[in-house]
Every structure is written in structure tokens, then in C-alpha cells.
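Trainee: Here's a structure for you.
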Amino acid sequence: MDLYSIDGEATTTRLVTDTEPTSSSISVIPVQQDLAESGKARLERLILPYDIRYSVFSHLSLQDIYNCQLTCKLLRWATSDQFIWKRIALDLIQGEFYFDIPRALPANIPNWKYFCKRHLLRQRNWRQGQVQDVISLDDNYQKLTTLQIMAPYVLTGCDDGRIHLWNIHTKTLLNRFQIRGEITWVEHLQEPKIVAGLGYDKKKMKSEIRLFSTETGNEIGFYEEKFWDLAICAINGTYLVASDGDGRYTTWDWRTETKVSQFTVDNEPSITEALYLVKNTILELHYDGMIRLFSIHGVCFGRFTLDNILPNHKVSFCWLHNDYSMVVWESSNTMAHIRLPLLVQDRSATSSDGHPQTQAQTQQSMIDRPITQEEWDAQGTEVYWRHQLEHTCNFAAMGGGRFQLLYVQIFENLMDQVPIRVHSLRRSGDNSMDVPMQEESIEHERQLGEYVTAHSLKPELGRIIQGLRPSRIDCDPEYIVVGLVQGGVRLLQFAPVDEELLREMPTLEGDPSMVGEVD
Amino acid sequence: MKVTLESSDGQVFTVDKEVAELSVIIKEMLVIEQANQDHPIPLLNVGAVELAKVIEYCEHHRNDPTIDDDEDYDSRKKPIEMDDWDKQFTIVNKEMMFELILAANSMQVKPLLHLGCRYAADIVKRMSPTEIRDLFQIDDDFTPEEQDKIEWEKQWTKL
Numbered sequence: 001m002d003l004y005s006i007d008g009e010a011t012t013t014r015l016v017t018d019t020e021p022t023s024s025s026i027s028v029i030p031v032q033q034d035l036a037e038s039g040k041a042r043l044e045r046l047i048l049p050y051d052i053r054y055s056v057f058s059h060l061s062l063q064d065i066y067n068c069q070l071t072c073k074l075l076r077w078a079t080s081d082q083f084i085w086k087r088i089a090l091d092l093i094q095g096e097f098y099f100d101i102p103r104a105l106p107a108n109i110p111n112w113k114y115f116c117k118r119h120l121l122r123q124r125n126w127r128q129g130q131v132q133d134v135i136s137l138d139d140n141y142q143k144l145t146t147l148q149i150m151a152p153y154v155l156t157g158c159d160d161g162r163i164h165l166w167n168i169h170t171k172t173l174l175n176r177f178q179i180r181g182e183i184t185w186v187e188h189l190q191e192p193k194i195v196a197g198l199g200y201d202k203k204k205m206k207s208e209i210r211l212f213s214t215e216t217g218n219e220i221g222f223y224e225e226k227f228w229d230l231a232i233c234a235i236n237g238t239y240l241v242a243s244d245g246d247g248r249y250t251t252w253d254w255r256t257e258t259k260v261s262q263f264t265v266d267n268e269p270s271i272t273e274a275l276y277l278v279k280n281t282i283l284e285l286h287y288d289g290m291i292r293l294f295s296i297h298g299v300c301f302g303r304f305t306l307d308n309i310l311p312n313h314k315v316s317f318c319w320l321h322n323d324y325s326m327v328v329w330e331s332s333n334t335m336a337h338i339r340l341p342l343l344v345q346d347r348s349a350t351s352s353d354g355h356p357q358t359q360a361q362t363q364q365s366m367i368d369r370p371i372t373q374e375e376w377d378a379q380g381t382e383v384y385w386r387h388q389l390e391h392t393c394n395f396a397a398m399g400g401g402r403f404q405l406l407y408v409q410i411f412e413n414l415m416d417q418v419p420i421r422v423h424s425l426r427r428s429g430d431n432s433m434d435v436p437m438q439e440e441s442i443e444h445e446r447q448l449g450e451y452v453t454a455h456s457l458k459p460e461l462g463r464i465i466q467g468l469r470p471s472r473i474d475c476d477p478e479y480i481v482v483g484l485v486q487g488g489v490r491l492l493q494f495a496p497v498d499e500e501l502l503r504e505m506p507t508l509e510g511d512p513s514m515v516g517e518v519d
Numbered sequence: 001m002k003v004t005l006e007s008s009d010g011q012v013f014t015v016d017k018e019v020a021e022l023s024v025i026i027k028e029m030l031v032i033e034q035a036n037q038d039h040p041i042p043l044l045n046v047g048a049v050e051l052a053k054v055i056e057y058c059e060h061h062r063n064d065p066t067i068d069d070d071e072d073y074d075s076r077k078k079p080i081e082m083d084d085w086d087k088q089f090t091i092v093n094k095e096m097m098f099e100l101i102l103a104a105n106s107m108q109v110k111p112l113l114h115l116g117c118r119y120a121a122d123i124v125k126r127m128s129p130t131e132i133r134d135l136f137q138i139d140d141d142f143t144p145e146e147q148d149k150i151e152w153e154k155q156w157t158k159l
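Protein chains in written order, with the UniProt record's numbering: chain R, 1 to 519; chain G, 1 to 159.
Below you can see the structure in the form of C-alpha cells.
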């Protein structure tokens with residue numbers, strides 16, 4: 001029996017013995033360097049040690065790996081190791097997710113090779129707008145007014161004040177909460193397990209915020225403002241901030257249910273479009289493209305225009321990622337991805353002392369100081385890319401990561417059967433410092449080149465969601481989530497349906513990459 | 001302090017201790033055999049030609065900071081620094097380089113191992129299966145059916 005036809009389990013064992021630097025490994029009987037040594041024997045000698053095999057093949061691209069696989073059984077075996085495929089998988093998804101990349105395989109995925117295949121098929125389907133499956137989450141059939149996907153959760157709010165939290169893996173409703181009025185804002189904090197919602201009662205012209213625990217299902221907080229309408233909110237692990245969008249703010253410590261501050265900013269020329277809590281600094285983006293930073297107590301840290309990036313003064317959508325980069329969409333249909341290095345810098349400055357940060361330290365590591373105009377001019381913003389869009393839409397959402405951005409639109413004029421458009425964008429530019437991998441590979445070149453596709457969803461999908469009118473939309477790399485005017489949610493899945501994919505995975509006798517996860 | 005190393009074909013090399021200690025194996029042996037350093041350390045897997053080359057590498061890199069070598073995802077992302085000296089060093093024929101990789105692996109000289117593996121990967125990169133076979137002088141031992149299966153499977157890499 002050839003040495004390399006052993007199964008995946010033996011590969012694991014070898015990993016341990018090979019990497020363990022015991023003194024015994026040096027006294028192995030010397031390999032006979034016969035002059036007549038065959039090419040195969042020589043190659044076998046070279047790639048038998050796990051460290052060498054791993055180190056050589058982890059430099060190769062997916063195409064290179066397959067070229068090796070096609071040469072002979074020995075190289076097919078050598079390139080079928082789970083760790084090598086894990087490396088390829090992680091390279092593939094690099095930059096696609098803002099949130100953590102999976103360290104272990106998801107439960108429904110048997111091996112990393114399968115993971116890679118599923119991933120590439122999913123990307124292709126995105127680019128072509130080919131939905132593979134539609135999953136329905138049906139609730140009480142009231143018009144959806146807010147929608148958010150953060151895998152594995154989908155959070156929806158309806159115009160009757162209901163909030164629903166779904167688990168998309170199990171397709172089950174986890175929680176249902178009730179607020180008065182139409183839901184205009186919802187937020188789900190996975191840690192510390194709360195849902196916050198803002199409701200506006202049109203008849204009584206009153207707005208209120210309620211907080212719920214997703215663990216117990218109980219209401220844990222109620223906030224309102226007597227003199228003005230709450231229109232826009234943000235929440236983090238400690239604070240809740242609400243504004244009327246027109247310069248009036250109230251902040252609370254929701255853990256102690258106490259009001260922290262109340263302040264007014266006069267003479268702002270335009271309304272607040274987006275409000276965020278970056279640590280404990282309030283960051284807001286105005287309709288005219290102005291960014292304002294201030295403390296939880298209302299101390300202004302700075303007011304800066306984004307005129308050079310957003311010259312049209314018509315901000316309509318904004319998304320802030322957890323790396324403090326921001327995608328802004330202007331009504332004139334420019335889209336820009338902006339990094340705010342000042343926010344990131346202060347964060348890394350405090351974590352560089354080598355100590356793991358405690359909750360308290362993290363809380364203190366906010367910007368929490370005035371920023372001068374010079375400072376802002378020098379390093380306040382950095383544009384990843386800007387893009388001019390062709391279409392006007394009345395609602396949009398985005399998902400994806402730094403290198404690949406996915407966004408979806410709902411159209412005002414429903415010329416298409418399904419008024420949803422799917423786009424993918426890759427960043428352009430020459431900023432190579434954020435692309436640390438695969439310097440010479442094709443993959444890399446593609447990441448730097450601008451790359452845009454736009455597709456209407458395929459007509460056959462019309463059959464599935466025909467007659468249903470989308471009201472809200474959101475997406476992540478796996479799904480487009482459509483909230484409906486009729487109520488309910490449709491998840492449009494782009495990854496191939498698992499059973500089909502598995503059936504299509506051919507196996508060779510004794511292919512160790514088909515054996516499950518080994519680490 | 002000097003250390004003497006003996007190659008598999010009996011040649012003895014004397015090097016500075018900190019140079020030899022770039023090899024994890026030797027470093028650990030020196031800890032174990034602290035009291036007993038008057039005889040050369042035998043390297044039964046490493047021939048004199050390769051050992052000379054490994055020592056040349058270690059001499060040049062004696063002052064490099066040690067790198068943490070784990071298989072963690074992020075660590076590989078750091079670009080492997082290759083200075084002009086390293087580039088000159090890798091201008092050898094491929095047989096020699098393969099022997100060096102094996103020597104670096106058995107002596108556990110991690111930076112040299114990585115350098116060599118990268119060199120080997122660069123050779124193979126973008127080669128067709130036939131070119132790879134020619135490179136290593138190996139034969140296609142698949143049946144046509146197996147060949148078809150892999151070709152078919154390869155299709156999805158071009159998505």
C-alpha cells in the first residue's frame with residue numbers, strides 16, 4: 001500500500017508527530033539518496049513531512065491546487081488535506097465579512113473543500129441574481145416597517161408595533177415584542193441579549209422606546225420624551241441616545257434606567273440622517289453630509305463636512321460597520337465607502353498596551369476629546385471607493401465586506417416583475433496596505449480592479465413572490481431579506497441548496513479531503 | 001561559544017552557538033546535553049553540502065528576531081520578508097533547493113523552511129499539470145475516469 005493513500009485520520013496523527021520537535025526525530029535512519037531515485041520517490045520524500053506539504057501548498061491558489069491534483073495520485077493526496085483547504089477557504093472569504101470569519105466549519109458543511117465550492121457558487125449566484133431558494137418567515141401579516149439581518153438573526157418591526165426576532169437557521173420565531181405605534185427603529189444587541197425598538201403612534205403623535213430581554217422575553221425599559229418626538233436612536237451596551245433629528249437629544253443609561261443628559265444643538269442647517277454610538281461618542285451624519293461628534297453629555301468634539309466626498313448634500317442611506325467604516329448613499333446616487341481612521345486609531349492606541357481589555361477599559365477608550373479641524377483634514381477620512389449608480393431607488397440596503405460589497409435596491413417604478421435589483425461591487429484603487437494576501441495572484445488583481453454587476457432578479461422568482469410588494473430590504477452575503485407590505489419576510493438564498501451541492505460533489509476513492517473536519 | 005555539528009556523511013562544522021540555535025532541534029538538544037558538549041552533534045538526515053548551505057543561511061540571519069510559528073490564520077498573512085540576500089541565496093538549482101527544504105525541516109530552521117517552501121510554490125504556480133509532471137519527473141497514474149472526475153470537479157474553481 002502506498003504511504004499516501006492513508007485516510008484523513010492518519011494525516012492528523014502525522015501532523016502531531018511531524019511538528020513535535022523531539023530529539024528523536026534527528027536520529028532517524030538517513031534516507032538513502034540513491035542516484036537512481038525515481039521522480040516520484042523524490043517528490044514523495046519532499047512532501048511527506050507535513051510542515052513542508054502545508055507550507056508549500058498554502059501558497060497556491062485554488063487553480064494551482066487543482067493543477068497539482070490533476071498530475072498524479074501522490075499530489076492529489078498531498079493537496080487534499082483539510083488544513084490546506086481551510087486556508088483556501090479563509091483566503092476566499094477574506095474581506096467578504098465584516099464580522100468574524102468562521103474558525104470552525106458551520107454545522108451543515110462537511111468539509112472545507114465543500115465550503116469553498118459553496119462559497120464560489122454563492123458568489124456567482126449573487127453576481128447573476130440567481131436565487132436558489134426562498135424561505136418564508138410568516139408573522140401576523142402587518143406591513144413591515146423595519147428589517148435587519150445579522151446572521152443568524154432577522155429582526156423585523158411592523159406598523160402595528162410588533163417586533164419579531166427570528167432565527168434563520170432554524171426558521172423559528174424566537175421572540176415577539178409589542179410597542180405602541182409604528183416601529184421606526186429596531187436594534188438587536190446579541191450581547192447583552194436585548195432588543196430595543198422605537199414606536200411612533202401617528203394618532204396620538206407620541207413616540208416611545210422600549211427595551212426587551214431576549215433571554216426572558218420581558219420588557220426591561222421604557223423611555224419617552226414629553227416635549228418632542230423621538231425620531232432617531234442608537235444603543236450600545238450601556239447607553240441609549242435618542243434625537244428628534246433636529247438638534248434635540250436625550251441620553252439614558254439603560255442599565256440603571258436613568259437619564260444621563262438632555263441637550264439641544266441650535267442652528268443646524270439640516271436634519272440628522274444617521275446616529276451611532278461609537279464606544280461612548282455619538283456620531284451623527286446629517287442630510288447635507290456633515291459629520292458631528294459629541295460626548296454622551298453633549299460636549300461637541302467636532303463638526304466636519306464631507307464635501308470633498310459627498311458634494312451633493314443629499315445623504316439618504318448610511319451604514320456604519322463594526323470596523324468604523326461607513327458606506328454613504330446620496331440621493332444623487334453616488335455611493336462612497338469611507339473609513340474614519342480617527343475612530344479606529346484611538347481604539348488601537350488603548351489596546352496596544354498588551355493587556356486584554358476589560359469592559360471598563362473598553363468603555364474608556366472612546367475618542368472622548370475634541371478633534372481639531374487640522375487633525376480631521378489630515379486623517380479624519382479616507383475614501384475606500386466612490387461609485388456612481390445608474391438607478392434611483394426608494395429603498396436600499398447593503399451587506400458584505402470591505403472588498404466585496406453587496407447591495408440591493410427596491411425600485412420606485414416597478415418596471416421589472418420583481419422590483420429588486422442585486423448588485424456587487426469590488427473596491428477599486430491602489431491601496432494595497434489593506435490587501436495583505438496573495439501579492440501576485442489573480443485573485444488580488446481582481447480585488448483592486450473595480451468590478452460591478454447589476455441584475456434584476458430572475459423572472460422565475462416572480463412566481464414565488466409575485467403579487468408581494470417589498471417594503472423593506474436588507475442583505476448579508478448569504479441572503480437578501482425582503483420585508484413585505486403584506487407582512488412577512490422572504491429570505492432569498494444565494495448559496496446552493498445543500499443537498500444538491502452534496503450530490504454534485506464527486507469523490508475519489510480514499511480522498512482524504514472528503515473526510516470531515518480534522519482540527 | 002562554539003558548537004560542532006556533524007553531517008550525515010561525517011563532515012564536521014564548527015559554528016557559533018547562537019547561529020546553530022536557529023535550528024529548533026539543535027537548540028533543544030543543547031538544553032538537554034548541556035554538560036556534554038565535547039562531541040559533535042550528529043545530523044543524520046543532513047548531508048555536508050546542505051548543512052553548509054543551512055549554516056550559511058543561519059549565519060546571515062543570526063540576528064533576526066525569532067518569529068512565532070503557529071498555523072494561525074493571521075500569522076501567515078504577514079508577508080514573508082525576503083531581502084536581496086535571500087533572493088541570491090535561492091538562486092540554486094531546484095534539486096538543491098528541495099534538499100535544503102528537507103534539511104531545514106529536519107533541523108527545524110523555520111525561516112529557511114518557509115523560504116524554501118515559498119520558492120517551491122513559486123515554481124509550481126500557474127504551471128499546467130503536464131508541466132508539473134515534467135518538473136518532478138512523475139507519471140500520470142490516474143485512470144481516464146479519475147482524470148475526468150477531477151477535471152469536472154475543477155470546473156467550479158472558474159466561477
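C-beta: ideal position from N, C-alpha, C; glycine also. None of the values given here were measured: they were computed from a predicted structure.
#1: In the DSSP assignment, find the beta strand (DSSP E) that holds residue 201 of chain R and state where it starts and stops.
#2: In chain R, what lies closer than 7 angstroms to residue 127 of chain G by C-beta?
#3: Restricting to Cα atoms, I'd like to know which of R:477, R:82, R:166 is closest to residue 523 of chain R.
#4: Is it true that the CB of residue 254 of chain R sits closer than 8 angstroms to the CB of residue 211 of chain R?
#5: Under 9 angstroms Cβ-Cβ, which residues of chain R neighbour residue 64 of chain G?
#6: Go ahead and label residue 153 of chain G buried or exposed: buried means 16 or more other beta carbons lie within 10 angstroms of its beta carbon, across all protein chains shown.
#7: Could one say the Cβ of residue 71 of chain R lies closer than 8 angstroms to chain G's Cβ atoms, at least one of them?
#8: Run through chain G and tell me which residues come within less than 7 angstroms of residue 43 of chain R, C-beta to C-beta.
#9: Using the three-state DSSP reduction, which class does residue 72 of chain R fall into: helix, strand or coil?
#10: What does DSSP give as the partner residues of residue 290 of chain R in its beta bridges?
#11: Less than 7 angstroms between C-beta atoms, sequence neighbours within five positions excluded: which residues of the same chain meet that for residue 14 of chain G?
#12: Please report the Cβ distance between residue 485 of chain R and residue 143 of chain R, rounded to the nearest whole angstrom; I am assuming they are in contact, meaning their Cβ atoms lie under 8 angstroms.
#13: Who are residue 136 of chain R's beta bridge partners in DSSP?
#14: Beta-carbon separation of residue 20 of chain G and residue 60 of chain R under 8 angstroms?
#15: Put residue 92 of chain G into one of helix, strand or coil per three-state DSSP.
#16: Taking the straight line between their C-alpha atoms, what separation do you get for residue 352 of chain R and residue 171 of chain R?
#17: Relative to the C-alpha of residue 183 of chain R, which residue among R:190, R:495, R:208, R:161 is closest?
#18: Just checking my contact of residue 136 of chain G with residue 39 of chain R at CB under 8 angstroms: how many whole Å lie between their CB atoms?
#19: Can you give me the Cβ contacts of residue 294 of chain R inside the same chain, cut-off strictly under 6 angstroms, excluding the 5 residues immediately before and after it?
#20: Measure from the C-beta of residue 60 of chain G to each C-beta in chain R and report whether the shortest distance is under 8 angstroms.
#21: Report yes or no: do the stretch 185–193 of chain R and the stretch 229–246 of chain R share at least 3 C-beta pairs separated by less than 8 angstroms?
#22: Which residues does DSSP pair with residue 223 of chain R in a beta bridge?
#23: Indicate the three-state DSSP secondary structure (helix, strand or coil) for residue 63 of chain R in the structure shown.
#24: Determine the extent of the alpha helix (DSSP H) in which residue 50 of chain R is found, giving its start and end residues.
#25: Run through chain R and tell me which residues come within less than 8 angstroms of residue 89 of chain G, C-beta to C-beta.
#26: How long is the line joining the alpha carbons of residue 113 of chain G and residue 319 of chain R, rounded to whole angstroms?
#27: For residue 132 of chain G, go through chain R and note every residue whose CB falls closer than 8 angstroms to its CB, in chain order.
#28: Which residues bound the beta strand (DSSP E) around residue 535 of chain R?
#29: Given this structure, state the Cα-to-Cα distance separating residue 209 of chain R from residue 492 of chain R, to the nearest angstrom.
#30: From residue 249 of chain R to residue 86 of chain R, what distance separates their C-alpha atoms?
#31: Taking the alpha-carbon of residue 42 of chain G as reference, which of G:60, G:9, G:62, G:31 has the nearest alpha-carbon?
#32: Given this structure, state the Cα-to-Cα distance separating residue 44 of chain G from residue 193 of chain R, to the nearest angstrom.
#33: Starting from residue 130 of chain G, follow the alpha helix (DSSP H) in both directions and report where the run begins and ends.
#34: So, does the CB of residue 14 of chain R fall closer than 8 angstroms to a CB anywhere in chain G?
#35: Compare the beta carbon distance of residue 310 of chain R and residue 328 of chain R with 8 angstroms and say whether it is the shorter of the two.
#36: What are the boundary residues of the alpha helix (DSSP H) that residue 142 of chain G is part of?
Mentor: This is what the structure holds:
#1: Run containing residue 201 of chain R: 194–201, per the beta strand (DSSP E) assignment.
#2: Neighbours of residue 127 of chain G on chain R, chain order: 67.
#3: Residue 523 of chain R lies beyond the residue range present for chain R, which begins at 1 and ends at 519; the question has no answer from this structure.
#4: At a Cβ-Cβ threshold of 8 angstroms, residue 211 of chain R and residue 254 of chain R count as neighbours.
#5: Listed along chain R, no residue sits closer than 9 angstroms to residue 64 of chain G by beta-carbon distance, the nearest being about 18 angstroms off.
#6: Residue 153 of chain G comes out buried.
#7: It does; some Cβ of chain G falls within 8 angstroms.
#8: Against residue 43 of chain R, the close residues of chain G are 136, 138, in the order they occur along the chain (beta-carbon pairs closer than 7 angstroms).
#9: Coil at residue 72 of chain R, not helix or strand.
#10: In the DSSP assignment, residue 290 of chain R is bridged to R:305.
#11: For residue 14 of chain G, where only same-chain residues beyond five positions count, the Cβ hits under 7 angstroms are 2, 4.
#12: Between residue 143 of chain R and residue 485 of chain R the Cβ distance is about 5 angstroms, and since that is below 8 angstroms, they are a contact.
#13: DSSP output for residue 136 of chain R lists R:490 as bridge partner(s).
#14: When the beta-carbon positions are compared, residue 20 of chain G and residue 60 of chain R stay at least 8 angstroms from each other.
#15: Looking at residue 92 of chain G - three-state DSSP - the assignment turns out to be coil, as it is neither helix nor strand.
#16: Note that residue 352 of chain R has pLDDT 39, beneath the 50 cutoff, so the model's placement of it is unreliable and no number is given.
#17: Comparing Cα positions, the closest option is R:161.
#18: Rounded to whole angstroms, the Cβ separation of residue 136 of chain G and residue 39 of chain R is 5 angstroms, and the two are in contact under 8 angstroms.
#19: Correct list, in chain order: 282, 300, 301.
#20: At a cut-off of 8 angstroms, the C-beta of residue 60 of chain G has no neighbouring C-beta in chain R.
#21: Three or more beta-carbon pairs separated by less than 8 angstroms link the stretch 185–193 of chain R to the stretch 229–246 of chain R, which places the two stretches in contact.
#22: Residue 223 of chain R pairs with R:209.
#23: Annotated three-state conformation of residue 63 of chain R is helix, per DSSP.
#24: Element bounds for residue 50 of chain R: 50–57.
#25: Within 8 angstroms Cβ-Cβ: nothing; residue 89 of chain G doesn't reach chain R, min ~17 angstroms.
#26: If you draw a straight line from the Cα of residue 113 of chain G to the Cα of residue 319 of chain R, it is about 45 angstroms long.
#27: Going along chain R in sequence order, the residues near residue 132 of chain G (Cβ under 8 angstroms) are 67, 68, 71, 75.
#28: Chain R is shown from 1 up to 519; residue 535 of chain R falls before or after that span and cannot be answered.
#29: Between the C-alpha atoms of residue 209 of chain R and residue 492 of chain R there is a straight-line separation of about 31 angstroms.
#30: So the alpha carbons of these two residues sit roughly 48 angstroms apart.
#31: When only C-alpha atoms are compared, the closest one is G:9.
#32: Their Cα atoms are separated by approximately 60 angstroms.
#33: Run containing residue 130 of chain G: 129–136, per the alpha helix (DSSP H) assignment.
#34: Model confidence at residue 14 of chain R stands at a pLDDT of 37, short of 50, so the residue's coordinates are unreliable; what they give is reported in the following sentence. By this cut-off, residue 14 of chain R is not an interface position.
#35: Yes, Cβ-Cβ distance for residue 310 of chain R and residue 328 of chain R is below 8 angstroms.
#36: Taken as a continuous stretch (DSSP letters only), residue 142 of chain G belongs to no alpha helix (DSSP H), as it is neither H nor E.
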